[in-house]
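**Student:**
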Amino acid sequence: MRWTPHATVACIVEQDGRFLLVEEISSGRHVINQPAGHLEQGESFIDAAKRETLEETGWLVEPEALLGLYTYTAPANGVTYHRFCFIARALASVPDAVLDEGIIGPLWLTRDEIAARQPELRSELVSRCIDDYLSGTRYPLDFIQETA
2 MRWTPHATVA CIVEQDGRFL LVEEISSGRH VINQPAGHLE QGESFIDAAK RETLEETGWL
62 VEPEALLGLY TYTAPANGVT YHRFCFIARA LASVPDAVLD EGIIGPLWLT RDEIAARQPE
122 LRSELVSRCI DDYLSGTRYP LDFIQETA
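Under our numbering, the very last position in the sequence shown is 149; numbers go up by exactly one each time.
(1) Which whole-angstrom value is the C-beta distance of cysteine 12 and threonine 54, which I expect to be below 8 Å?
(2) Tell me whether alanine 11 sits in a helix, a strand or coil according to DSSP, three-state version.
(3) Whose C-beta lies closer than 7 Å to the C-beta of leucine 40 among residues of the same chain, with five residues either side of it excluded?
(4) Measuring only the C-alpha atoms, how far is alanine 98 from glycine 59?
(5) Tyrosine 82 to proline 96, Cα distance in whole Å?
(6) Report yes if the C-beta distance between glutamate 57 and isoleucine 104 is below 7 Å; otherwise report no.
Okay, here's the thing in structure tokens:
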């Protein structure tokens, strides 16, 4: 059997000292995550980041920078995820947006509030990505080269 990592995207969206997060049910557990999800066939990383954020939070966003590429192997299922994490600007909330199945809704939390809810985080990547963002890590979007 060939090892196949899963390509995913996520967005760090900060507004007035609060971060846009998602409250969801994953494997029967109530968790908090960045808006994130799988890349679909034929989709660019940036388009996937916009789509997943809208589907999970009801917010339109515009990616402005790449935060980083992260590798995470989930202890629950042994699946390795390659996460392309973007820094995005919030544009607008979409009234009455239909959210993905399993999504409870969006949350806007400060870094301290996120730390207080550490046991609820879906993975260690939630706080790690926020800390990388707060440290000033940024890469231009043209770092990603995609063919049409």
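Even glycine gets a Cβ: it sits at the ideal position worked out from N, Cα and C.
**Tutor:** Taking the geometry as given:
(1) About 5 Å separates the two Cβ atoms, so the contact holds.
(2) strand
(3) Ala8, Thr9, Val10, Phe46, Ala49
(4) 5 Å
(5) 32 Å
(6) A Cβ-Cβ contact shorter than 7 Å links glutamate 57 with isoleucine 104.
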